[in-house]
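Colleague:
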Amino acid sequence: MTIEQAAEIIKQGGIVAFPTETVYGLGADAWNSSAISKIYKIKGRAADNPLIVHLHEKKQIHGFCSNIPEHAHRLIDTFWPGPLTLVLKKRPEVLDAVTAGLDTVALRIPDHSIALDLIRRTGPLVAPSANRSGKPSPTKAEHVISDFGNACQVLDGNTTKIGLESTVIDLSEKEPIILRPGMIGREEISTLLGVSVKELSPNPIHSPKSPGQKYSHYAPDARVRWLLKNESPNDDSFLYLLQSRHSSKPNTICYNFDLEQLAKELYDRFRHADIQKYKEVVVEPLEEHHPLYAALNNRILKAIGN
Ligand code: TXA
Ligand code: MG
Numbered sequence: 032m033t034i035e036q037a038a039e040i041i042k043q044g045g046i047v048a049f050p051t052e053t054v055y056g057l058g059a060d061a062w063n064s065s066a067i068s069k070i071y072k073i074k075g076r077a078a079d080n081p082l083i084v085h086l087h088e089k090k091q092i093h094g095f096c097s098n099i100p101e102h103a104h105r106l107i108d109t110f111w112p113g114p115l116t117l118v119l120k121k122r123p124e125v126l127d128a129v130t131a132g133l134d135t136v137a138l139r140i141p142d143h144s145i146a147l148d149l150i151r152r153t154g155p156l157v158a159p160s161a162n163r164s165g166k167p168s169p170t171k172a173e174h175v176i177s178d179f180g181n182a183c184q185v186l187d188g189n190t191t192k193i194g195l196e197s198t199v200i201d202l203s204e205k206e207p208i209i210l211r212p213g214m215i216g217r218e219e220i221s222t223l224l225g226v227s228v229k230e231l232s233p234n235p236i237h238s239p240k241s242p243g244q245k246y247s248h249y250a251p252d253a254r255v256r257w258l259l260k261n262e263s264p265n266d267d268s269f270l271y272l273l274q275s276r277h278s279s280k281p282n283t284i285c286y287n288f289d290l291e292q293l294a295k296e297l298y299d300r301f302r303h304a305d306i307q308k309y310k311e312v313v314v315e316p317l318e319e320h321h322p323l324y325a326a327l328n329n330r331i332l333k334a335i336g337n
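In the numbering used here, the protein residues as written are 32 to 337.
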């Protein structure tokens, strides 16, 4: 499928999956409620879980928010286009289908030429990750096809660069708070803004601040757990993802502290674990001081089901 065809489908109220730098998104016109309802339906997504609006240029933000705080300007100037989503107070006309009835809206500009070209043609697009709810986010076109078959078309942009979803930061209240950790970390944001930014705990008790946090996510069918301290990889029906240890067994993948690579591959490994019928995915606990620690740990904890 070409970008022109994808744009045409969206303009006519359809949905199309497209690549971003984080994961593939399932796009629909942000101003078309019935198109957006198709996304909720096909994903099996809970109606109270709002969507991110994807823009292609900064000035489009004014169509969704009237009051843009200083912190937002700073983050936008530094990180857009890029894997950072801002939650801001919305304009009244922003559709409830987008925000799930909240008075805020989530926005980002993806750093991907196909996504930007598509949005330039269609206008702003809502796009959740293009997976069935509860499944790992798609980092390849084949993941989208495996979840949805013919039910949606996919623009193929090969493997996504980052592999984990964007950082989501809420700037709608006085104190900024990170609702979902990602590639752009708390330290980096705190330094830029000159304040110590908080991060929502990975397992909040149903916080209304981040509706997405309360649903189980990112999980393969195989059980996911941490590698124990003195455990050595042996069971062939288990897939081992190792950060620091080395093993030449075929069911072990050694990352040698390269957490960028683990982030890029994590969801693909989860999906392969199911295809190859592994019973468990066993992950070695991660290096805490790494900038990607919070994001990766958050996704793995979710897959474990904590
Ligand atoms: O990297 C990404 O962000 C990918 C790509 C496709 O852009 N998109 C993505 O969308 O991960 P989704 O729908 O899978 O996750 C969006 C997250 C959810 O946790 C949702 O609850 C949260 O953003 N969110 C959206 N709007 C919100 C709002 N107004 N207030 C608080 N959280 C919001
Ligand atoms: Mg998602």
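Every residue gets a Cβ at the ideal spot worked out from N, C-alpha and C, and that includes glycine.
For ligand 1, is there a heavy atom less than 7 Å away from the beta-carbon of S197?
Modeller: Yes, Cβ of S197 sits closer than 7 Å to a heavy atom of ligand 1.
Colleague: Following a CB-centred definition, is P123 positioned closer than 7 Å to any heavy atom of ligand 2?
Modeller: Incorrect: P123 has no Cβ contact closer than 7 Å to ligand 2.
Colleague: If distances are taken between C-alpha atoms only, which option among A48, T191, A128 comes closest to A78?
Modeller: Of the candidates A48, T191, A128, the one whose C-alpha sits nearest the C-alpha of A78 is A128.
Colleague: Check whether the Cβ of S177 sits closer than 7 Å to any heavy atom of ligand 2, and report yes or no.
Modeller: No, ligand 2 has no heavy atom inside 7 Å of this Cβ.
Colleague: Note down, one range per segment and in chain order, each alpha helix (DSSP H) of at least 4 residues found wholly within the stretch 148-196.
Modeller: 172-179, all fully within the stretch 148-196.
Colleague: Take the Cβ of L82 as the centre, count every other Cβ of all protein chains shown within 10 Å, and call the residue buried at 16 or more, exposed below.
Modeller: Burial call: buried.
Colleague: Specify the secondary structure class of I208 as computed by DSSP and reduced to three states.
Modeller: It is a strand residue.
Colleague: What first and last residue would you give for the alpha helix (DSSP H) that runs through R254?
Modeller: Looking at the DSSP string, R254 is not in any alpha helix (DSSP H); the run it does join, the beta strand (DSSP E), is 254-257.
Colleague: Drop a sphere of 10 angstroms on the beta-carbon of T33, count the other beta-carbons inside from all chains shown, and report buried for 16 or more, exposed for fewer.
Modeller: Exposed.
Colleague: Which same chain residues, not among the five before or five after E319, have their C-beta less than 6 Å away from its C-beta?
Modeller: So the list is empty, once near-sequence residues are dropped.
Colleague: Is I200 closer than 8 Å to L115 when the C-beta atoms are compared?
Modeller: A contact, by the Cβ cut-off of 8 Å.
Colleague: On the CB-based measure, 16 or more other CB atoms within 10 Å of its CB, does N98 come out buried or exposed?
Modeller: Classification for N98: exposed.
Colleague: Give every residue of the same chain whose Cβ lies closer than 8 Å to the Cβ of R76, excluding the five residues on either side of it in the sequence, and list them in chain order.
Modeller: Excluding residues within five positions, the ones whose Cβ falls inside 8 Å are I70, P159, S164.
Colleague: Taking the alpha carbon of Y324 as the point to measure from, which residue in D267, D299, E218 has its own alpha carbon closest?
Modeller: Of D267, D299, E218, the residue nearest in Cα terms is E218.
Colleague: Give, in chain order, every unbroken run of the beta strand (DSSP E) that is at least 3 residues long and sits entirely within the stretch 260-311.
Modeller: Counting only runs of 3 or more, we get 269-273, 283-285.
Colleague: Indicate, with yes or no, if ligand 1 has a heavy atom lying under 7 Å from the CB of T170.
Modeller: Answer for T170: no, Cβ out of range of ligand 1.
Colleague: For L149, which of V185, R122, D266 has the nearest alpha-carbon?
Modeller: Of V185, R122, D266, the residue nearest in Cα terms is V185.
Colleague: Under the three-state reduction of DSSP, which class applies to H321: helix, strand or coil?
Modeller: Coil.
Colleague: Tell whether a beta-carbon distance below 8 Å holds between I107 and K89.
Modeller: Result yes, Cβ atoms of I107 and K89 sit closer than 8 Å.
Colleague: When the Cα atoms are used, what is the spatial distance from T190 to A66?
Modeller: Rounded to whole angstroms, T190 to A66 spans 27 Å at the Cα level.
Colleague: Shorter than 7 Å, the distance from the beta carbon of D201 to the closest heavy atom of ligand 1, or not?
Modeller: Under cutoff, so the answer is yes.
Colleague: Opposite V129 in the DSSP bridges: which residues?
Modeller: According to DSSP, V129 bridges with nothing at all.
Colleague: Return the Cβ separation of S168 and V54 in integer angstroms, given the expectation that the two are a contact with Cβ distance under 8 Å.
Modeller: Rounded, the Cβ-Cβ distance is 4 Å, consistent with contact.
Colleague: Tell me whether K229 is buried or exposed, calling it buried when 16 or more other Cβ atoms sit within 10 Å of its Cβ.
Modeller: Exposed, because fewer than 16 other Cβ atoms sit within 10 Å of the Cβ of K229.
Colleague: I'd like to confirm the pairing. Which residues does DSSP put opposite A48 in its beta bridges?
Modeller: Paired residues: L57, V185.
Colleague: Use the C-beta contact count for T222: other C-beta atoms within 10 angstroms, 16 or more gives buried, fewer gives exposed.
Modeller: The residue in question, T222, is exposed, as its Cβ has fewer than 16 Cβ neighbours within 10 Å.
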